[in-house]
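*Asks:* Can you read through this structure? Questions will come right after.
Number of protein chains: 4
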Amino acid sequence: MRETWHERFIDSPGVLKGAAREQTIVRVLDFHVGGNEFITMAGPCSVETEFQLMATANHVRRAGARILRGGAFKPRSSPYAFQGHGLEGLKMLARAREESGLAIVTEVMSEDDVPMVAEYADILQIGTRNMENYSLLEAAARSGRPILLKRGMAATIADWLRSAQLILNNGNPNVILCERGIRTFETATRNTFDVSAIALLKQISHLPVIADPSHAAGHRELVPVLARIAVASGADGLLVEVHPNPEKAWSDGEQSLDFAGFDAMMYDLEPWLELRGRELERREGDGALPMEAVG
Amino acid sequence: MRETWHERFIDSPGVLKGAAREQTIVRVLDFHVGGNEFITMAGPCSVETEFQLMATANHVRRAGARILRGGAFKPRSSPYAFQGHGLEGLKMLARAREESGLAIVTEVMSEDDVPMVAEYADILQIGTRNMENYSLLEAAARSGRPILLKRGMAATIADWLRSAQLILNNGNPNVILCERGIRTFETATRNTFDVSAIALLKQISHLPVIADPSHAAGHRELVPVLARIAVASGADGLLVEVHPNPEKAWSDGEQSLDFAGFDAMMYDLEPWLELRGRELERREGDGALPMEAVG
Amino acid sequence: MRETWHERFIDSPGVLKGAAREQTIVRVLDFHVGGNEFITMAGPCSVETEFQLMATANHVRRAGARILRGGAFKPRSSPYAFQGHGLEGLKMLARAREESGLAIVTEVMSEDDVPMVAEYADILQIGTRNMENYSLLEAAARSGRPILLKRGMAATIADWLRSAQLILNNGNPNVILCERGIRTFETATRNTFDVSAIALLKQISHLPVIADPSHAAGHRELVPVLARIAVASGADGLLVEVHPNPEKAWSDGEQSLDFAGFDAMMYDLEPWLELRGRELERREGDGALPMEAVG
Amino acid sequence: MRETWHERFIDSPGVLKGAAREQTIVRVLDFHVGGNEFITMAGPCSVETEFQLMATANHVRRAGARILRGGAFKPRSSPYAFQGHGLEGLKMLARAREESGLAIVTEVMSEDDVPMVAEYADILQIGTRNMENYSLLEAAARSGRPILLKRGMAATIADWLRSAQLILNNGNPNVILCERGIRTFETATRNTFDVSAIALLKQISHLPVIADPSHAAGHRELVPVLARIAVASGADGLLVEVHPNPEKAWSDGEQSLDFAGFDAMMYDLEPWLELRGRELERREGDGALPMEAVG
């Protein structure tokens, strides 16, 4: 099967594991994504107000997050929805970094905005709708910032890796893949969380892979269990939506955790993360959980 | 959201959790599916020979399985493929039970075969292609045997629960749901393992839910990690394909584990199952892992 | 491409066009499905009352239909919905045939019902949910009646042809394929009408293919235009839901045409059917519209 | 249902038919898209050489095409594939317009390229992968050129109309929608041609809608029959890939017609287009084929 899989991904040789190729470890501030640590990125869907952002940053940091997420530019599917604060939002994110010590990940939606967003953010997010916007991928790659590449709604794993390869081809090795669910016939969840894609990618690729349980589920009740599943899948971290008052969020409130919900999730993840850590130690920190050794 | 979900499943009130409704616990021989124990069902796709079946039964029992799976009637998508040994296969399964002490789960594909299959099997499996074969559901329900109801390839969770409800309506409360992946555009895996469906079902329904990582993945390399994911999802057990020599299996060899692979999987699952057990104890055995309490 | 396609359908050699193989023409009463005539099958989703059925039969016959459809056994997805009149419904259908001269197509859902349904119906319909119910396919095949085989919701064309092949293997060459839409992420229509499947099947297979615009659309406003599209696709006929009072239909009312709507559809189809007829004549009645000759 | 549909598309009021709103008719050179004429856009996937382009332009013009298609910038899914000639390709397209009198439609993939592409092209194409690239949509809209908006692979009709609305919101009313198939589980065709989407859009929207049978089918043998189906669906035109030597095309050769194939298609479409014309006349040129009146 390995051979079959490698043929399927033949357009993207640079992202596949090979004899000499080590695991990609992305340095961000004073920590790493893709190493042994499980990294939680948390924060609101949109940067709304100074208060909302600071309160969230301080809270999620205390609960164990390392990276603050928040949208300054929003790819809202409706042209009448809130479009984001733009530059002002980026400045708020930078102030939140100063105050909290968290790194910042935020989406860039336009090639022309890349220099501005790269000035303020530690990681540039390429959103689901832009996974195959090759001009944006190239511009973001050339900024030198690590790239968080979300999977497109109808993107196969092979498509996704081709977009990652394009970033590498533009001189940027620091790509973090993010599984956020694919679009299928099932509507009880907002998307269908393709956890097998994470498991498969950890076997064939050296790139870090994280999970976005918020967009996968679309309902906050499912977010904690999907986070636990992500830990078991071998993912390197989480991207989670948290809001001080989800009922009043300007976007995606239904899938955002409130502070108490985030605390409960982090508390309950602890034994699962400890187990993950023990397994990694046993494997001498090669980034793979034991199951991957079977193949 | 709870309300929304309940509306979505309004045709199937009997399978939903309610104030007074306790978790469904299905007694099989001397153990239970849907209680605190995590139950592994393992065995070959098809019953091929006495030797193949006995060797597998003895092996998986020693590794911790409680139930032997094996097809005597095969819903082979090609009319030229092996169709199964029929009654002779059922008798082999019964001898394997005697010898190994394992319970037997096997698929019934025709309403006319229900009495015969029910005579030999402890659990009747309704296959993916028959999830909405209402005549078969009714006949199987009335046999009094517990029913393992696999999800249809394009069945929504709501569709699936309607089929479960139909079994309840025919006087049989012992339904075990089995997630085995849905059909989507992604072809790197045989099906798309909808683990969110398991998580969601554990929140809204009192029925036991198990996972079939073999059909979900379609490649044996992914089976162990999907099994670990199933544990984290709150599933009540596994249905796994195991064969003494997968390369020579008459069907589904690519997704079958060999004995060593099965042993490795069971060994590596142990700490994850211990953790699951501790969490359940902490929750006083109500069948829900901690995360479910957030919603 | 032809080669590729033939490889894809290699399990079903008997349904593919070959050098010597002629178009399958299914004789029903005094007319044919799969010959040059475009056959319209129309009637209610469910047989409800004598009046409803007779009124519909007489109306659709005058408007040009040759076959009356109507369900005596209903595969209702909800166990609480109307399940059909059963034998009494079959008898009503037989009386409608006597009175109107129309042939009868009705669904059989259980292998045990095959002899009874075959006694009353001219064509046995295998429904979407049972396309891979191999026991039912075999029983229906052996009845000797022509089989209308609806496509499963998640069935590929290759899966569908395998089921057709199974019917042929059981001694029954009279299979009519019916495209009724597949399940996808799009919800504006009830299903996604895969008209390319009809076009492709007319190129590779000698079996007649008809279209069910009612289930494909799910909304009556789209039914006439999908019917016109079916004519252009090379389909051999239509299966359309018609009801005297769709607002009060016991099932599928939203997608049923009323009598005036059916008349308007048939009237507006006329020039398109005339054009289809001229094209067939030009091709000396080989069953293919001109476009198919390009390949 | 009308009400339901309108609710579904409530974010995009400007693209829906209303009491006073007339059909959008897009003027291009000396003809119109969205009026009574059926407009064929044809040409190679990629602009390869001067000879290839001129030969194709002259040929398709003589066969009845009004617009020349050809990619100067290619959104190739593999980063190793041919990326297009860029500016040189645009200049070749402009020379082909001068020589042939055809209008030019070509894809723009980057906001920064919009001014340059708009200088040479008569219609800017937004490709499938960029349907929700809102920055590009805005930049393209503000160029003042008509926009050909291809449907995203996993875009619902509602998503697609939101993108169209965004173009209108940026001051550009000249949007032409192009159905090119959606991504589903079926792999016998490259995409699943959602012809119901065309039919539905002609009922609810005043925007012109065309069909791309080449990408929908993925195999040239199906292109002519899908073109005929598009005529029956009420579409306003076609976008078809034509190449002097498809076997040697640098991209998409398998789905490109050669000159003889294009001639045959255009010849065989003639009676269907005549019929379409007569129906439109009968309806006094309101842009709707008769079937739409039933709803």
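Residue numbers (the working numbering), protein chains in the order written: chain W, 1 to 295; chain D, 296 to 590; chain C, 591 to 885; chain Y, 886 to 1180. From the three backbone atoms N, C-alpha and C, an ideal C-beta is built for every residue, glycine too. The model shown is predicted, which means the values in this text are computed figures rather than measured ones.
(1) Closer than 7 Å by beta-carbon distance: list the chain W residues that pair up with F775 of chain C, in chain order.
(2) For A880 of chain Y and P1000 of chain Y, what's the separation of their Cα atoms in angstroms?
(3) Is it the case that the Cβ atoms of P75 of chain W and M54 of chain W are separated by a distance below 8 Å?
(4) Name the residue from D:I362, D:A555, D:Y429 and D:G384 whose alpha carbon lies nearest to the alpha carbon of E516 of chain D.
(5) For T592 of chain D, is the classification buried or exposed, using 16 other Cβ atoms within 10 angstroms of its Cβ as the cut-off for buried?
(6) Comparing the C-beta of E1177 of chain Y with each C-beta of chain C, is any distance below 8 Å?
(7) Among W:E241, W:V242 and W:D236, which has the Cα closest to the Cα of F31 of chain W?
(8) Leaving out five residues before and five after G18 of chain W in sequence, what residues of the same chain have Cβ atoms less than 6 Å from its Cβ?
(9) In chain Y, what lies closer than 7 Å to L767 of chain C by C-beta?
(10) Mind reading off the beta-carbon distance from W300 of chain D to A188 of chain W? Whole number of angstroms is fine, and I expect it under 8 Å.
(11) Any beta carbon from chain E within less than 8 Å of E1017 of chain Y's own beta carbon?
(12) Can V765 of chain C and I772 of chain C be called in contact, C-beta distance under 8 Å?
(13) Just to make sure I have the definition right: I need the residues of chain Y whose C-beta is within less than 8 Å of the C-beta of P75 of chain W. Which are they?
(14) Alpha carbon to alpha carbon, how far is H944 of chain Y from L870 of chain C?
(15) Hey, is I452 of chain D's beta-carbon within less than 8 Å of any beta-carbon in chain W?
(16) Just list the residues that DSSP pairs G956 of chain Y with in beta bridges.
(17) If Y415 of chain D and K386 of chain D are in contact, beta carbons under 8 Å, what's the gap, nearest whole angstrom?
(18) Taking 8 Å as the threshold (beta carbon to beta carbon), is S995 of chain Y in contact with chain W?
(19) Kindly list, in the order they appear in chain D, the residues whose Cβ is closer than 7 Å to that of A744 of chain C.
(20) Apply the 10 Å Cβ neighbour rule to Y1019 of chain Y and answer buried if 16 or more other Cβ atoms are within range, or exposed otherwise.
(21) Using 8 Å as the Cβ pair cut-off and three pairs as the minimum, do the region 1011-1031 of chain Y and the region 980-995 of chain Y touch?
(22) For my contact list, V815 of chain C and A1084 of chain Y are in at a C-beta cut-off of 8 Å; report their separation, rounded to the angstrom.
(23) Over what stretch of residues does the alpha helix (DSSP H) that includes Q908 of chain Y continue unbroken?
(24) Between the Cα of S143 of chain W and the Cα atoms of W:N130, W:A164 and W:A118, which residue gives the shortest distance?
(25) Let me see if you follow: with CB-CB separation under 8 Å, is P208 of chain W close to chain D or not?
(26) Leaving out five residues on either side along the sequence, give the residues of the same chain with a beta carbon under 6 Å from the beta carbon of I829 of chain Y.
(27) Using the DSSP secondary-structure output, state which residues sit across from L257 of chain W in a beta bridge.
(28) With a threshold of 8 Å between beta carbons, is Q203 of chain W in contact with chain D?
(29) Which class does G827 of chain C belong to by DSSP, given the choice of helix, strand or coil?
(30) To which residues of the same chain is R656 of chain C closer than 7 Å at the C-beta, ignoring the five residues directly before and after it?
(31) Assign F641 of chain C to one of two classes, buried (16 or more other C-beta atoms within 10 Å of its C-beta) or exposed (fewer than that).
(32) Considering only the alpha carbon of each residue, which of C:G625, C:D853, C:N835 and C:D749 lies closest to D796 of chain C?
(33) Please classify V623 of chain C: does DSSP put it in a helix, a strand, or coil?
(34) Please list, in chain order, all residues of the same chain as R946 of chain Y whose beta carbon is under 6 Å from its beta carbon, the five residues on each side excluded.
(35) Is any beta-carbon of chain C found at less than 8 Å from that of I1114 of chain Y?
(36) How would you write the range of the alpha helix (DSSP H) that Q273 of chain D sits in, first residue to last?
*Replies:* Well, looking at it:
(1) R183, T184 and F185
(2) Within the shown structure, residues of chain Y are numbered from 886 to 1180, placing residue 880 of chain Y beyond reach of any answer.
(3) no
(4) D:A555
(5) Any property of residue 592 of chain D remains undetermined from this structure, which presents chain D solely from 296 to 590.
(6) Residue confidence is low: E1177 of chain Y scores 41 on pLDDT, short of 50, so the model does not pin down where it sits. Its coordinate-derived value is still stated next. So yes, E1177 of chain Y belongs to the interface.
(7) The option with the nearest alpha carbon to F31 of chain W is W:D236.
(8) none
(9) Near L767 of chain C there are no residues of chain Y at all, since even the closest Cβ is about 14 Å away, more than 7 Å.
(10) With a Cβ gap of about 7 Å, W300 of chain D and A188 of chain W count as contacting.
(11) Of the chains in the structure shown, none is chain E; the protein chains are W, D, C and Y.
(12) no
(13) E1017 and Y1019
(14) 29 Å
(15) yes
(16) Y:S931
(17) 7 Å
(18) So yes, S995 of chain Y belongs to the interface.
(19) M448, A449 and R478
(20) buried
(21) yes
(22) 4 Å
(23) Here Q908 of chain Y belongs to no alpha helix (DSSP H), and DSSP marks it neither H nor E.
(24) W:A118
(25) no
(26) Chain Y is shown from 886 up to 1180; residue 829 of chain Y falls before or after that span and cannot be answered.
(27) W:V242
(28) Among the CB atoms of chain D, one or more fall inside 8 Å of the CB of Q203 of chain W.
(29) strand
(30) The residues are F621, I629, T630, L692 and A693.
(31) Result: exposed.
(32) According to the sequence shown, residue 796 of chain C is His rather than Asp. Residue C:G625 is the option with its Cα nearest to H796 of chain C.
(33) strand
(34) Hits under 6 Å: S985 and L987.
(35) So yes, I1114 of chain Y belongs to the interface.
(36) Residue 273 of chain D lies beyond the residue range present for chain D, which begins at 296 and ends at 590; the question has no answer from this structure.
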